[in-house]
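These notes concern the structure reproduced below.
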Amino acid sequence: MSAVEDLFAGTRAEGRAALVGYLPAGYPSVDGSVELLSAMVEGGCDLLEIGVPYSDPVMDGPTIQAAADTALRAGFRLRDVFTVVERVAAAGGRAMVMTYYNPVLRYGVDAFARDFASAGGLGLITPDLIPDEADEWLAASDAHGLDRTFLVAPSSSEERIESTARASRGFLYATSTMGVTGARDAVASAAPELVERCRRHTALAIGVGLGVRSAAQAAEVASFADGVIVGSAFVTAAERAGARGVRDLAAELAAGARGGATVGA
Amino acid sequence: MDVKASDGVAHPSEHDPDERGHFGRYGGRFVPEALIAALDELSVFYQKARADPDFLDELDRLQRDYTGRPSPLTDVPKLGEHAGGARILLKREDLNHTGSHKINNVLGQALLTKRMGKKRVIAETGAGQHGVATATACALLGLECVVYMGEVDTERQALNVARMRLLGATVIPVKTGSRTLKDAINEALRDWVTNVDETHYLLGTVAGPHPFPAMVRDFHRVIGMEARAQVLERVGRLPDAVAACVGGGSNAIGIFHAFIDDPGVRLVGFEPGGDGVETGRHGATLSEGSPGALHGAMSYLLQDEDGQTAESHSISAGLDYPGVGPEHALLKDLGRAEYTPVTDAEAMEAFALLCRTEGIIPAIESAHAIAGALRLGRELGPDAVILVNLSGRGDKDVDTAARWFGMIEGESAAEASGTAIAESDLSRGPTQDEPSPAGADTGAVQR
């Protein structure tokens, strides 16, 4: 069982969903991002999704775009992501990295996998890489013992859910709605149906992301999925109140993910 | 000449990508999974349509009666005198309705949109030519039209913004990133992933995820098919070289494709050299870039050592793009086509020369190809026959050119920055009645 599968087996055994929290590496600075990510772990994030800031993030809405832009302007370099992962892992955080594919390609797919694994990273989430195009990454992740999370969407056919789940390891990422990242008031009605369709094809844990920002929404997602993925809301919390803000939000969402739907949003 | 506008669609190319859209190692689909269903749907509808006589007839009818195809081939002997005496022939895509080659692809995709039952069309645009063509087709076919355009481009191509709005389109200035074509594509992709059920993304060049590179190319193959027949009829032999400008690469692939299997015909793409590639301020993706994935396809791109996309620079909004279509990447690697940069200054010199020698105001994009033809002619000599794709007309660029050449009162050329000018400046008109400094003889005016 892989490290991430192990993590989800644990939260399942506890009868709850895992809380997966996203923030970009290097936001607002390399040191600052380590501090924020550590605060997310303290607040109750089970798994960190560390974003690689990228110039052309087509899956991201304005909140995460702006954070990535801040990181790049502050001088973020790709190799910094290994530093961040290493420091967060040393502090007890379990970290995956979410990255668009081109930075990985440019670094060298196998070299990236090697350096990421040696920094203590667990796997990659790849929003613009589908398994059909991922031969090099499939080989590198096998060679370096990394998990790999591909995405499925409400528009995915049964065949594509099947093939995407088969290529994934760790967990499968179900995008709750057709769209880009960003906090929304309501969890899309497409999400439960998509998770149910995924279950017919895979025993992998299924995380649901896009649009979750409150404990009530986390509880709702936790009622049908194995992982609650929150991104933009953490960026907003960091903007407003720094480490304390993300720690508080993590605690609130973690309560939701435990099924504590009564916790106020 | 018995070339039909739909021939490039009806008759599959010998140079098609594999079934997943790979041209060698390039192309493919580097997009969010959420878009795969729409891309598959588009592939299916395109394959059905190209075998459907009704679709082909409708495309032919529109291309003849609406676009004005076939576009003429024009001998330009006075320009040729500046090109070592070579015979230069211009394929006049500038005379198409809406003023560029872009309409070829737009009509095809707009007809497909209707067939798919979608009512809303989105598009990106750089110079505005693709946006204008898309707005035009949407007006004609009763489709809602939203065009994303970088804020920088809305300023330097203000005339085309007005044209799109007159045609009923909504133009959304994009304020993220470099605020040019690259960012307009990002925003269009975000819109598409959100609204894909009812929306078709009418991509304007031979880039993007499969099936766009091959499909958009097929809609433009008519350019080369017509030109090949026209040159054979006019000259009695094939040209020695074919020249085209390359931003995303749609007009170039459109004219190149008919000559790929003619080994005696050089295919030369001229990329935006901006201030000169040595300055780093350029958009010469194939000449200076490296392989990577951007906007849905593997191809060459301008990037830094971390894989962050570099900002491109060009006086030509339509060429100001750090990526390029994947089939060009393959043609480059195979050595079948050559790609080389032309600076802003060299393009503007050629722009002025074509205006004055032949009475044709080219789009600044196409002026890069004219500059390239001048180089080729000087290299190949007076017996050479050079076919140039004059992909668009320069009405939209009059403001930029007037500034470049210092023709606007109260502004020196040195201040020219490609920004929009106030109406009061326009109404004052040119400041000089004497021959302007615009010309090859006097050299290009420096910015």
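Here the protein sequences come in this chain order: A and B.
Under numbering that gives the first Met the number 0, the final residue of the first sequence carries the number 264; numbering is consecutive throughout.
Under numbering that gives the first Met the number 0, the final residue of the second sequence carries the number 446; numbering is consecutive throughout.
Here a beta-carbon is modelled for each residue, glycine too, at the ideal position from N, C-alpha and C.
Owing to the predicted nature of the structure, the values given are computational and were not obtained by experimental measurement.
Selected residue, minimal CA-CA separation from residue i, among the options
| i | options | result |
| --- | --- | --- |
| Arg-24/B | Ala-346/B, Pro-290/B, His-312/B | Pro-290/B |
| Val-221/B | Thr-193/B, Asn-250/B, Pro-238/B | Asn-250/B |
| Gly-358/B | Arg-377/B, Arg-392/B, Asp-343/B | Arg-392/B |
| Val-173/B | Glu-57/B, Ala-183/B, Ala-344/B | Ala-183/B |
| Leu-237/B | Thr-97/B, Asp-382/B, Gly-125/B | Asp-382/B |
| Thr-342/B | Ala-370/B, Pro-31/B, Thr-356/B | Ala-370/B |
| Gly-120/A | Ile-49/A, Glu-132/A, Arg-159/A | Ile-49/A |
| Gly-127/B | Ile-254/B, Thr-169/B, Thr-175/B | Thr-169/B |
| Thr-284/B | Asp-239/B, Glu-80/B, Glu-310/B, Ala-109/B | Glu-310/B |
| Val-30/B | Ala-8/A, Ala-65/A, Val-57/A | Val-57/A |
| Leu-35/A | Ala-254/A, Val-245/A, Gly-258/A | Val-245/A |
| Phe-7/A | Val-40/A, Val-29/A, Tyr-26/A, Leu-46/A | Leu-46/A |
| Pro-208/B | Val-207/A, Asp-127/A, Ser-188/A, Gly-226/A | Asp-127/A |
| Arg-374/B | Ala-132/B, Gly-282/B, Val-241/B, Ile-360/B | Val-241/B |
| Gly-208/A | Ala-240/A, Ala-73/A, Ser-188/A | Ser-188/A |
| Glu-132/A | Gly-144/A, Tyr-21/A, Val-3/A, Phe-149/A | Phe-149/A |
| Gly-130/B | Gly-98/B, Gln-108/B, Met-163/B | Met-163/B |
| Glu-186/B | Ile-205/A, Arg-257/A, Thr-10/A, Asp-55/A | Asp-55/A |
| Glu-326/B | Ser-313/B, Leu-142/B, Ala-82/B, Val-245/B | Val-245/B |
| Ala-82/B | Leu-330/B, Val-387/B, Met-406/B | Val-387/B |
| Gly-26/B | Arg-265/B, Arg-189/B, Gly-295/B, Ala-37/B | Gly-295/B |
| Arg-19/B | Met-297/B, Leu-88/B, Leu-318/B | Met-297/B |
| Ala-16/A | Ala-88/A, Asp-109/A, Ala-218/A, Asp-30/A | Ala-218/A |
For residue i, three-class secondary structure by DSSP
| i | result |
| --- | --- |
| Ile-360/B | coil |
| Glu-270/B | strand |
| Pro-52/B | helix |
| Leu-121/A | coil |
| Tyr-21/A | strand |
| Cys-354/B | helix |
| Cys-244/B | strand |
| Asp-182/B | helix |
| Tyr-26/A | coil |
| Leu-202/B | coil |
| Phe-29/B | strand |
| Ser-423/B | In this predicted model, Ser-423/B has a pLDDT of only 36, less than 50, meaning its place in the structure is not dependable; the value taken from the coordinates is given anyway. If DSSP states are grouped into helix, strand and coil, Ser-423/B belongs with the helices. |
| Phe-223/A | coil |
| Asp-55/A | coil |
| Ser-289/B | strand |
| Gln-307/B | coil |
| Pro-11/B | coil |
| Arg-265/B | strand |
| Thr-418/B | Reliability fails at Thr-418/B, whose pLDDT of 38 lies under 50, so the model's placement of it is uncertain and the value that follows must be treated cautiously. Here Thr-418/B sits in coil by DSSP. |
| Val-195/B | coil |
| Val-194/A | helix |
| Lys-90/B | strand |
| Ile-129/A | coil |
| Glu-18/B | coil |
| Arg-280/B | strand |
| Gly-167/B | coil |
| Leu-237/B | coil |
| Gly-14/A | coil |
Opposing strand residues paired with residue i [DSSP bridges]
| i | result |
| --- | --- |
| Arg-392/B | Pro-361/B |
| Gln-340/B | The amino acid at residue 340/B is misidentified as Gln; the sequence shows Pro. For Pro-340/B, which the question treats as bridged, DSSP gives the partners Glu-270/B. |
| Gln-302/B | Thr-308/B |
| Met-297/B | Gly-26/B, Ala-292/B |
| Lys-3/B | Lys-3/B pairs with nothing; no bridge assigned. |
| Gly-208/A | Thr-174/A |
| Val-229/A | Gly-20/A |
| Gly-324/B | Answer is none; Gly-324/B lacks a bridge partner. |
| Gly-50/A | Pro-23/A, Met-97/A |
| Pro-172/B | Met-148/B |
**OP:** With a floor of 3 residues, list each beta strand (DSSP E) that falls wholly inside the region 92 to 160 of chain B, ordered by position along the chain.
**Re:** 119 to 124, 143 to 149
Subject >> Inter-stretch contact (C-beta, 8 Å, three-pair minimum) for the region 189 to 200 of chain B and the region 114 to 122 of chain B >> reply: yes
Subject >> Completely contained beta strand (DSSP E) runs for the region 131 to 178 of chain A, where each covers 3 or more residues >> reply: 146 to 148, 170 to 174
Original post:
For the region 67 to 120 of chain A, which segments carrying the alpha helix (DSSP H) assignment without a break, of at least 4 residues, lie completely within its bounds, in sequence order?
Top reply: 79 to 89, 100 to 106, 108 to 117
**OP:** Could you tell me whether the region 262 to 281 of chain B touches the region 340 to 352 of chain B, where touching means 3 or more Cβ pairs closer than 8 Å?
**Re:** yes
Subject >> Cβ contact (3+ pairs, closer than 8 Å) linking the region 86 to 97 of chain A and the region 211 to 230 of chain B >> reply: no
Original post:
Do the region 238 to 257 of chain B and the region 130 to 143 of chain B make contact, defined as three or more Cβ pairs closer than 8 Å?
Top reply: no
Subject >> Stretch-stretch touch, CB-based, cutoff 8 Å, three pairs: the region 63 to 77 of chain A with the region 9 to 21 of chain B >> reply: no
Original post:
Counting Cβ pairs, one atom from each stretch, are 3 or more of them under 8 Å apart for the region 42 to 52 of chain B and the region 155 to 169 of chain A?
Top reply: no
Subject >> Validate contact between the region 143 to 159 of chain B and the region 387 to 407 of chain B using beta carbons, cut 8 Å, 3 pairs >> reply: yes
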